[in-house]
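The sequence shown lines up with residues 8 to 406 when you count with this note's numbering.
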Amino acid sequence: MASTVDVLLAMLPLLLVGVLLVGLLWPATRATPVAWLTAVSIGYVVWNNPLDYLLGASIVGMITAFEILWIIFGALVLLYVLKQAGAFDRINQGFATVSDDRRVQVVLLAFFLTTFIEGAAGFGSAAAVAAPLMLALGFPALAAVVAALIGHSIAVTYGAVGTPIHVGVEVPLEIHEDYIVQEGGMSLSAFAIDVAAWAATFHALVGFIMPLFAVSMVVYFFGPRDERSIKPALSVWPLCLFAGLSFVIPYWLSAWFLTAEFPSMIGAMVGGALTIAVLRAGYLEPDDEWDFPPQAEWPSHWVGTIEPGTNGNDDGGVNLDDNSMSLLKAWTPYVILVGLLVVTRVVDPIPTVITETSAFVISWESIFGYENLSSSIEWVNAPGFWLLSSALVAIPLYA
8 MASTVDVLLA
18 MLPLLLVGVL
28 LVGLLWPATR
38 ATPVAWLTAV
48 SIGYVVWNNP
58 LDYLLGASIV
68 GMITAFEILW
78 IIFGALVLLY
88 VLKQAGAFDR
98 INQGFATVSD
108 DRRVQVVLLA
118 FFLTTFIEGA
128 AGFGSAAAVA
138 APLMLALGFP
148 ALAAVVAALI
158 GHSIAVTYGA
168 VGTPIHVGVE
178 VPLEIHEDYI
188 VQEGGMSLSA
198 FAIDVAAWAA
208 TFHALVGFIM
218 PLFAVSMVVY
228 FFGPRDERSI
238 KPALSVWPLC
248 LFAGLSFVIP
258 YWLSAWFLTA
268 EFPSMIGAMV
278 GGALTIAVLR
288 AGYLEPDDEW
298 DFPPQAEWPS
308 HWVGTIEPGT
318 NGNDDGGVNL
328 DDNSMSLLKA
338 WTPYVILVGL
348 LVVTRVVDPI
358 PTVITETSAF
368 VISWESIFGY
378 ENLSSSIEWV
388 NAPGFWLLSS
398 ALVAIPLYA
């Protein structure tokens with residue numbers, strides 16, 4: 008059994024990353040090499056690992072990082088194709104123009120839009136995209152960031168088309184695959200899917216209250232300073248509850264009956280569509296309209312140097328009057344993405360072909376002769392390939 012000292016030494020590189028990134032505000036490009044050197048040094052000096060073994064383990068990490076970058080690349084290409092074509096502004100408009108009530112906008116933008124973006128792109132893109140939109144609608148900068156960060160939290164386990172489950176569960180357990188097969192009676196991929204399904208179950212138990220929690224934070228901390236209360240949030244609890252359940256039910260079903268790529272995207276698409284339809288039909292709309300105090304009363308730390316009513320950049324805010332593109336056309340690339348992922352994950356024999364055909368897999372077995380150091384990239388099966396494919400389809404669609 009590992010001693011306390013061994014455990015602390017094993018944790019040291021991770022603790023160092025936290026201190027450097029959060030405590031000293033170092034950029035990741037400086038903090039992570041220091042953490043890597045620390046891990047290599049501990050492995051060599053404390054645990055007497057050979058240098059070629061440590062180099063091989065580092066190569067495994069680099070291959071895993073490349074697979075993540077492949078996903079990020081595809082996600083960003085798709086996102087920027089939609090932004091350049093105006094499709095993303097149209098999607099934003101579809102959410103933003105439903106109601107002028109800030110509480111409703113928090114539900115639609117800070118919850119549904121951010122969970123969808125997190126599911127599709129991950130890696131901080133949800134807050135980076137949704138917060139400027141809320142800023143353009145007149146939210147204080149701090150309120151926009153707080154709402155976006157809270158709203159997308161339930162989606163992060165399945166961010167970037169399931170990357171945390173694949174990279175955080177499946178890849179690290181590859182060295183224990185034989186044990187999982189023998190003792191658990193299931194393949195490693197099936198085990199990872201099982202983990203994703205149970206994670207969705209636990210998330211769903213509390214996730215349905217996330218819209219109400221996000222609204223409560225906004226109205227309490229960014230309402231009139233002499234009347235701090237969550238009562239304005241409680242008056243829209245039926246809408247928040249409906250939105251939360253509309254999200255977590257398809258979210259949970261996707262995790263159990265599809266794969267880890269889909270919960271956040273499908274939950275947001277289905278839940279958002281249902282909630283908008285109900286609001287447009289005249290149901291669950293709050294009786295009174297809640298807004299922030301007059302801008303002249305805002306403390307300076309609410310806005311910093313960013314002017315409300317813009318998106319924080321030089322190109323101004325989102326044009327909410329532009330209806331030149333249909334919502335269906337704007338959403339089409341993401342619909343295609345979901346369809347491609349479903350077909351390549353569920354419809355036999357396609358999953359077997361793209362994961363076992365040598366041309367579709369880049370692998371390095373027994374790196375430097377160590378059997379437990381092997382890695383591979385299923386570059387066609389990886390979500391990055393299908394994200395990029397959806398982006399390429401979108402280019403002629405919007406041309």
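Beta carbons: idealized from backbone N, C-alpha and C, even for Gly.
Check, Outcome
"Specify the secondary structure class of Ser370 as computed by DSSP and reduced to three states.", "strand"
"Measuring CA to CA, which of Ser381, Trp43 and Leu144 is closest to Asp298?", "Leu144"
"How many whole angstroms separate the CB atoms of Ala203 and Ala267, which I take to be in contact at a CB cut-off of 8 Å?", "4 Å"
"Give me the Cα-Cα distance between Tyr290 and Glu184, rounded to the nearest whole angstrom.", "51 Å"
"For the region 149-167 against the region 177-191, are there 3 or more C-beta pairs whose distance is under 8 Å?", "no"
"Given a threshold of 16 other Cβ atoms within 10 Å of its Cβ, counted over all protein chains shown, does Ser407 qualify as buried or as exposed?", "Only positions 8 to 406 of the chain appear in the structure, and residue 407 is not among them; the question remains open."
"Whose CA, out of Leu27, Leu21, His159 and Asn56, lies closest to the CA of Tyr377?", "Asn56"
"Checking contacts by CB at 8 Å: is Gly214 closer than that to chain B?", "Among the chains in the structure shown there is no chain B, since it carries only a single protein chain."
"Which runs of the alpha helix (DSSP H), 4 residues or longer, sit entirely within the region 18-101?", "35-52 and 58-92"
"For the 8 Å Cβ check, are there 3 or more pairs between the region 230-239 and the region 168-178?", "no"
"I need the DSSP call for Ile161, collapsed to helix, strand or coil.", "helix"
"Please name the residue or residues paired with Ser383 in a DSSP beta bridge.", "Ser370"
"On a Cα-Cα basis, can you pick out the residue from Phe220, Pro257 and Phe254 that is closest to Val243?", "Phe220"
"Any idea if Ala72 is buried or exposed, counting beta-carbon neighbours within 10 angstroms, 16 or more meaning buried?", "exposed"
"If I'm right that Ile361 touches Ser397 with Cβ under 8 Å, what's the distance once you round it to whole angstroms?", "About 16 Å separates the two Cβ atoms, so there is no contact after all."
"Would you check if the distance between the CB atom of Pro270 and the CB atom of Ala280 is smaller than 8 Å?", "no"
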